[in-house]
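Whatever position you read off the sequence shown (first residue = 1), add 28 for the working numbering.
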Amino acid sequence: MVQSALIAALYTLLTLLPSFMSFGMFQLRVSEALTALPAIFPSAITGVFLGCLLSNILNPSPLGLIDIVAGSLTTLVAAFATWRLAAPWRRKLAIEGALRSENVIGIIQKERVTWRDKMIPLLPPVVLNALVVGTYLPFLIKPDAVTFGLVAASCCLLALSQSIVVFGLGLPLVTALSRTPIGMKAIRRHDTSFPSKRER
29 MVQSALIAAL YTLLTLLPSF MSFGMFQLRV SEALTALPAI FPSAITGVFL GCLLSNILNP
89 SPLGLIDIVA GSLTTLVAAF ATWRLAAPWR RKLAIEGALR SENVIGIIQK ERVTWRDKMI
149 PLLPPVVLNA LVVGTYLPFL IKPDAVTFGL VAASCCLLAL SQSIVVFGLG LPLVTALSRT
209 PIGMKAIRRH DTSFPSKRER
């Protein structure tokens, strides 16, 4: 609960402080880096959802109920998908951490995390935001000039900006946090496929 609240507050802060680039047809929302956190921390699912909801409500140039509801729900679905898709990553990290403490180097090599384990879980916030938010933004910002080309451009621009933030900032962030004590604690707590020391 505390983690969720902290993530929500940080997301809101990182969105509203640089609000000039957090909203609009082309947006570089730095706070979207936090959408990588659900890969390791399930509390971040609620955190980024609430943060997005608050940010869209407090938008200095509000885009209305569609953006508040659809944008926030897209973030929620993407965060849940990230958590589910990151299961292999968490499993490998849990096993690697346990085996490293026991100096079982050979098995660690076989269970090493690959780039696919990291990249695939971070696709939902990029793809879903590009398709959903990118589609409705032109209708809210330029309702009298909407064309197929404008909608397609909006989707592509959002895919680009999301990729920059999620993979450029979010991936290094969650990778670093996954190696910390708090990250490993979260991984072992929620990875039911990994046996505890008592079971072993």
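Think of the CB as a built atom: it goes at the ideal place given N, C-alpha and C, for glycine as much as any other residue.
| Check | Outcome |
| --- | --- |
| Cβ-based neighbour list, Arg226, same chain, cut-off 6 Å, excluding 5 preceding and 5 following | The predicted model places Arg226 with a pLDDT of 42, which falls under 50 and marks its position as unreliable; any figure quoted below should be read in that light. So no residue of the chain qualifies. |
| Integer-rounded CB distance, given that Leu34 should sit under 8 Å from Ser83 | Not really, about 15 Å apart at Cβ, beyond 8 Å. |
| Proximity winner among Leu168, Leu199, Arg216 and Gly177, relative to Gly52 (alpha-carbon distances) | Leu168 |
| Which of helix, strand or coil DSSP assigns to Phe176 | helix |
| Beta-carbon gap between Phe54 and Leu178 smaller than 7 Å | no |
| Simplified DSSP assignment, three categories, for Met147 | helix |
| C-alpha gap between Thr102 and Ala67, whole angstroms | 16 Å |
| Per-residue DSSP class, three states only, for Gly92 | coil |
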